[in-house]
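Colleague:
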Amino acid sequence: DFSRHSVTVPAGERLSLSTYFNAFPAAYWQQWSCVTKVRLSLTVKGRANIEVFRSNARGTFVKIAGSLVENGEYTVEVPLNRFGDGGWLWLMRLPTLVK
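Okay, so the sequence shown: first residue is 106 according to our numbering, each after it adds one.
1) Give the C-beta separation of E156 and K168 to the nearest angstrom, bearing in mind that I take them to be a contact with Cβ-Cβ under 8 Å.
2) Please say whether T141 and L185 have beta carbons closer to each other than 9 Å?
3) Just how far apart, CA to CA, sit S138 and W195?
4) Name the two residues that bound the continuous beta strand (DSSP E) containing A170.
5) Assign W193 to one of three DSSP states: helix, strand, or coil.
6) Note down the Cα distance separating T124 from P130, rounded to an integer number of angstroms.
7) Could you pull the start and end residues of the alpha helix (DSSP H) that A132 belongs to?
8) Could you have a look at N154 and say whether DSSP puts it in helix, strand or coil?
9) Comparing alpha-carbon positions, which option in N127, E118, D190 lies nearest S108?
10) Once you ignore the five residues that flank A162 on each side, which residues in its own chain have a CB closer than 6 Å to its CB?
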């Protein structure tokens, strides 16, 4: 379930926002603005494994942040100083294992 400001991901499902329309063009903002960092803030209802990734111009990607969040807030700030060769930022919600 998607809306302009929220997305609902059923339990056990995976969501990746690594698409042209959902990822953040970090290299563009680094080069063409005075923005020095961006902040991702989420409100999680339920339990979610949140991971944030960055890519470079060659398409290589690495995880730069992440946390298991249960009924709470998750915020991460990413400096825009590592995207000189291109790159994007995006988040993923991964299935969590119930213990």
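Yeah, the Cβ is synthetic: ideal placement off N, Cα and C, and Gly gets one too.
Modeller: Taking the definition as stated:
1) If you number the sequence shown from 1, residue 156 lands on position 51. If you number the sequence shown from 1, residue 168 lands on position 63. At roughly 5 Å, the Cβ-Cβ gap stays under 8 Å, so E156 and K168 are in contact.
2) Against the sequence shown, residue 185 aligns to sequence position 80. Against the sequence shown, residue 141 aligns to sequence position 36. Contact: yes.
3) Locating residue 138 in the sequence shown gives position 33, counting from the first residue. Locating residue 195 in the sequence shown gives position 90, counting from the first residue. The straight-line gap from Cα to Cα measures roughly 19 Å.
4) Counting from one through the sequence shown, the residue named residue 170 turns up at place 65. A170 -> beta strand (DSSP E) spans 166-184.
5) On the sequence shown, residue 193 is found 88 positions in, with the first residue counted as 1. Under the three-state reduction of DSSP, W193 is assigned to coil, being neither helix nor strand.
6) Position 19 of the sequence shown, counted from the start, is the residue given in the question as residue 124. Position 25 of the sequence shown, counted from the start, is the residue given in the question as residue 130. Between T124 and P130, the C-alpha separation is close to 11 Å.
7) Translated into the one-based positions of the sequence shown, residue 132 becomes position 27. If you look at A132, you'll find it in the alpha helix (DSSP H) that goes 131-137.
8) Here the question's residue 154 lines up with position 49 in the sequence shown. Strand.
9) Within the sequence shown, residue 108 is the residue found at index 3, counting from 1. The candidate whose alpha carbon is nearest that of S108 is N127.
10) The count along the sequence shown starts at 1 and reaches residue 162 at position 57. Same-chain partners within the cutoff: D190, G191.
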